[in-house]
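Here the sequence shown is numbered in my numbering, starting from 1 and rising by one per residue.
Glycine included, each C-beta is placed from N, C-alpha and C at the ideal position.
No experiment lies behind these values; they were computed from the predicted model shown.
First comes the structure, then the notes that go with it.
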Amino acid sequence: MNGGIAQLQAMIQQAKDIVFFGGAGVSTLSGIPDFRSAHGLYNAPGGRSYEEMLSIGYFTRSPDAFWQFYRNVMLYPQAKPNAAHLALSRLEEQGKLSAVITQNIDGLHQAAGSRNVMELHGSVHRNRCMACGKFYTLEELPAADGSPRCTGTPGKPCGGLIKPEVVLYGEQLDGDLLDAAIAAIRRCDLLIVGGTSLVVHPAAGLISYRRPSAKMALLNRDETPYDHTADLVLHEDVGQVLSQAVPSADA
Ligand code: CNA
């Protein structure tokens, strides 16, 4: 274990109420690319920007093209939780961690066993018909080349456009969820931030709500605009760091 990880382990031992705030970098080890690191999707060649393709305006104008793109870049139904998700689940189990606040939409924290997960940007696992409100899990989505259409109820066909319950660019975050995330951050005495470039707002601004006495550890491969505000910065793999700082009982 290197010195930085030992330092994180000590911070975790001293803390009574830990909150984790994370992003796409938490899931790269599970095979889901992030958007903004050197290997991220933003560096994919050509065409429109990802912000445009994943915006509410594009969804409304071109639902078929939106769904084709969304399926290709956001849906990874085979992805499994990795060492980072599992370590955070252990921390909650140990009574140390009170909440995971995530910008991810992949559902992998819950798959790892975490219970109090605040999904600021929604989830690919929740989808709803915009006409009749019928709910669909990811597995239940009707097959389609373009946009999936609502199958309705027996005797009452619908055909409405289905929208994933993810917060698209140009949409507002859920106010109650945001308030709950702020409250958790205000309460904690250790904020661990991991796998996020901290450039997508308003989510990234949440970390400034921590109390002055609360410590912050920032675990991100690349530098972030907030590195200078953290008590500990580790530019390393978040899965490696967390799995060593929070070893499993049989490790
Ligand atoms: P981002 O802007 O793509 O940044 C990810 C950050 O993670 C980068 O700074 C990387 O350096 C860092 N990183 C990548 N892999 C690792 C690793 N193994 N260990 C440590 N650091 C790593 O992602 P943000 O979450 O900050 O941006 C928020 C967007 C991206 C949200 O709207 C998400 O919904 C969206 N997104 C989500 C997913 C997902 O659900 N898995 C995937 C891609 C994008």
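Does DSSP classify residue i as helix, strand or coil?
i	result
methionine 130	coil
alanine 6	helix
alanine 217	strand
leucine 178	helix
methionine 1	coil
valine 199	coil
histidine 228	helix
glutamine 13	helix
valine 238	helix
alanine 44	With a pLDDT of 46 at alanine 44, under the threshold of 50, the modelled position of this residue cannot be trusted; read the value that follows with caution. Looking at alanine 44 - three-state DSSP - the assignment turns out to be coil, as it is neither helix nor strand.
serine 243	helix
serine 123	strand
proline 140	Before going further, note that residue 140 is glutamate rather than proline in the sequence given. Three-state result, glutamate 140: coil.
phenylalanine 35	coil
asparagine 72	helix
aspartate 64	helix
glycine 205	helix
serine 30	helix
arginine 90	helix
alanine 111	helix
alanine 84	helix
Judging by CA-CA distance, which residue of the options is the nearest neighbour of residue i?
i	options	result
proline 164	Ala214, Thr153, His121, Pro81	His121
asparagine 127	Leu88, Ala87, Leu97, Tyr70	Tyr70
arginine 115	Lys134, Arg90, Cys129	Arg90
alanine 111	Gln94, Phe135, Lys80, Lys134	Lys80
serine 98	Val166, Glu52, Ala181	Ala181
valine 246	His201, Phe59, Asn72, Gln94	Gln94
tryptophan 67	Pro225, Asn2, Leu219, Ala143	Ala143
glutamate 171	Gly194, Pro154, Ser197, Pro202	Pro202
threonine 137	Leu177, Pro77, Leu178, Cys158	Pro77
asparagine 220	Ile12, Ala24, Gly146, Gln7	Ala24
threonine 28	Asp231, Met216, Leu161, Ala84	Ala84
glycine 133	Gly152, Gly194, Glu223	Gly152
cysteine 129	Gly159, Gly155, Glu92	Gly159
aspartate 231	Asp222, Ser248, Asp237, Ser213	Ser213
valine 117	Gly22, Val100, Gly146, Gln9	Val100
valine 167	Leu161, Ser123, Gly194, Phe35	Ser123
glycine 205	Leu173, His235, Val233, Asp222	Leu173
serine 147	Leu234, Pro33, Asp64, Ser49	Asp64
arginine 149	Leu161, Gly175, Leu86, Gly3	Leu161
leucine 141	Lys215, Asp227, Leu75	Leu75
leucine 198	Thr229, Gly31, Arg48, Tyr50	Thr229
tyrosine 226	Asp237, Ala249, Ser248, Gly195	Gly195
aspartate 34	Ala183, Ser208, Val200	Val200
Strictly by DSSP, which residues pair up with residue i?
i	result
isoleucine 101	Phe21, Met118
valine 233	Leu218
glycine 194	Gly22, Leu219
phenylalanine 135	Arg128
serine 55	Tyr169
Closest Cβ-Cβ distance between residue i and chain B: below 9 angstroms?
i	result
lysine 96	No chain B appears in the structure shown, which is made up of a single protein chain.
Is any non-hydrogen atom of the ligand COA found closer than 8 angstroms to the C-beta of residue i, if you look at the structure I gave you?
i	result
histidine 109	What this structure holds is the ligand CNA, not the ligand COA.
Give the list of continuous alpha helix (DSSP H) stretches no shorter than 4 residues that lie fully inside the stretch 144-191.
As for any alpha helix (DSSP H) of minimum length 4 sitting wholly inside the stretch 144-191, the runs are 175-187, ordered along the chain.
Can you confirm whether the stretch 187-198 touches the stretch 8-18 when touching is taken to mean that 3 or more C-beta pairs between the two stretches lie within less than 8 angstroms?
At 8 angstroms Cβ cutoff, the stretches touch.
Inter-stretch contact at 8 angstroms, needing at least 3 Cβ pairs: the stretch 225-244 / the stretch 94-110
The stretch 94-110 and the stretch 225-244 do not touch, with fewer than three beta-carbon pairs separated by less than 8 angstroms.
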